[in-house]
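36 is the number of the first residue of the sequence shown in my numbering; add one for each residue after it.
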Amino acid sequence: MIPPITDPLGRHWRQPPRREILVDDEHAVMTRSTFEKLAEYSASRPTGVYPGKMWRAIYDDGAFLRWYGIVDGRPDLYSNNQRLILLVEDPK
């Protein structure tokens, strides 16, 4: 669902590995430590748009995982996606 970062600009962007986040059609499940690895952009969007770039946004109604995705058949267009974040305990 979240594509890997393949754009050369992605080597400068820090984010947790995709395997640390379970994503379905409504939620993104992650630990607090994974949540803390996401850059926060609650009042804006990060510069540099490329597929796979993830960040978090926090609002009154919850925290959201956001990412840029791929639009099939449109290499000139990227999707904006978000899921409500659910936190689980870090493994001991």
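By construction, the Cβ of each residue, glycine as well, lies at the ideal position given by its N, Cα and C atoms.
For residue i, which residues in the same chain have their Cβ closer than 8 Å to its Cβ, ignoring the five residues on either side in sequence?
i   : result
L73 : Q50, P51, M89, W90, R91 and L100
Could you name the residues that DSSP lists as bridge partners for residue i?
i    : result
H62  : L119
L57  : V64
Y113 : I105
E75  : R91
Near residue i, which residues of its chain fall below 6 Å by C-beta distance, leaving aside the five closest residues on each side in sequence?
i    : result
S114 : G104 and V106
I56  : A63 and M65
Can you tell me where the beta strand (DSSP E) holding residue i begins and where it ends?
i   : result
W90 : M89 to Y94
A98 : G97 to I105
Please confirm whether residue i and residue j have their CB atoms less than 8 Å apart.
i   : j    : result
S77 : Y94  : yes
G87 : I120 : no
Taking 7 Å as the limit between beta carbons, can you name the residues of its chain near residue i, skipping five residues before and five after?
i    : result
R118 : V58, E61, H62, A63, F99 and L100
L112 : V106
Segment contact, 8 Å Cβ cut-off, at least three pairs: the region 59-68 with the region 108-125 = yes
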